[in-house]
Structure formats: C-alpha cells, structure tokens
C-alpha cells in the first residue's frame with residue numbers, strides 16, 4: 053500500500069465554476085483506483101485537502117484536490 057500526502061496549498065480552483073478558493077474545509081483520505089504495477093496492482097490512500105467554494109451561484113459546496121495522474125475511483 054502506498055500513502056500519498058500532498059503539500060498544503062494556499063488555495064485551489066473550484067472544478068465547477070473555476071473560482072479560486074482559499075477557504076480550507078479540512079483534510080480527507082480517499083482510495084483512488086488501484087494502479088497497475090507489473091502483474092499486480094498498487095493500493096493507494098491519498099491524504100488531500102477539501103476546499104469550500106464560496107461562490108453564491110456555484111452548486112458545489114466543497115471539492116477536493118485532483119490531479120490527472122491519479123484517477124478517481
């Protein structure tokens with residue numbers, strides 16, 4: 053099993069509305085899809101930041117970090 057912890061950022065852009073948020077909601081641990089490795093798979097636990105989207109017109113209340121290299125489950 054591999055544990056990934058990302059660095060504390062000052063903020064992130066909401067994936068729904070694109071507005072940059074600096075409002076930290078907390079930290080969560082997720083289990084992304086296992087990554088192929090030879091004949092087996094690597095199990096991951098990603099410790100990442102959850103942000104609040106403060107835009108009134110945005111339907112998303114909060115969101116977590118996301119990077120293309122780690123696919124969602």
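In our numbering, the protein residues as written are 53 to 125. Note that beta-carbon positions come from the ideal geometry of N, C-alpha and C, so glycine has one too.
Am I right that residue 73 and residue 112 are in contact with their C-beta atoms under 8 Å? What's the rounded C-beta distance? Counting from 1 along the chain shown, the entry for residue 73 is found at position 21. Counting from 1 along the chain shown, the entry for residue 112 is found at position 60. The beta-carbon distance between residue 73 and residue 112, rounded to whole angstroms, is 10 Å. This is too long to meet the 8 Å contact definition.
To the nearest angstrom, how far is it from the Cα of residue 54 to the Cα of residue 116? Along the chain shown, read from residue 1 onward, the residue named residue 54 stands at position 2. Along the chain shown, read from residue 1 onward, the residue named residue 116 stands at position 64. Taking the Cα positions, residue 54 is about 19 Å away from residue 116.
Report the three-state DSSP secondary structure of residue 30 (helix, strand or coil). Residue 30 is absent from the structure shown; the chain starts at 53 and stops at 125.
Can residue 104 and residue 83 be called in contact, C-beta distance under 8 Å? Along the chain shown, read from residue 1 onward, the residue named residue 104 stands at position 52. Along the chain shown, read from residue 1 onward, the residue named residue 83 stands at position 31. No, they are not a contact pair.
Could you pull the DSSP bridge partners for residue 109 from this structure? In the chain shown, counting from the first residue as 1, residue 109 sits at position 57. Paired residue(s): none; residue 109 is not in a bridge.
For the beta strand (DSSP E) holding residue 82, just list the boundary residues, first then last. Stepping through the chain shown from its first residue, residue 82 is reached at position 30. First-last of the beta strand (DSSP E) with residue 82: 76-82.
Tell me the rounded alpha-carbon separation between residue 88 and residue 102. In the chain shown, counting from the first residue as 1, residue 88 sits at position 36. In the chain shown, counting from the first residue as 1, residue 102 sits at position 50. Residue 88 and residue 102: Cα-Cα distance of roughly 27 Å.
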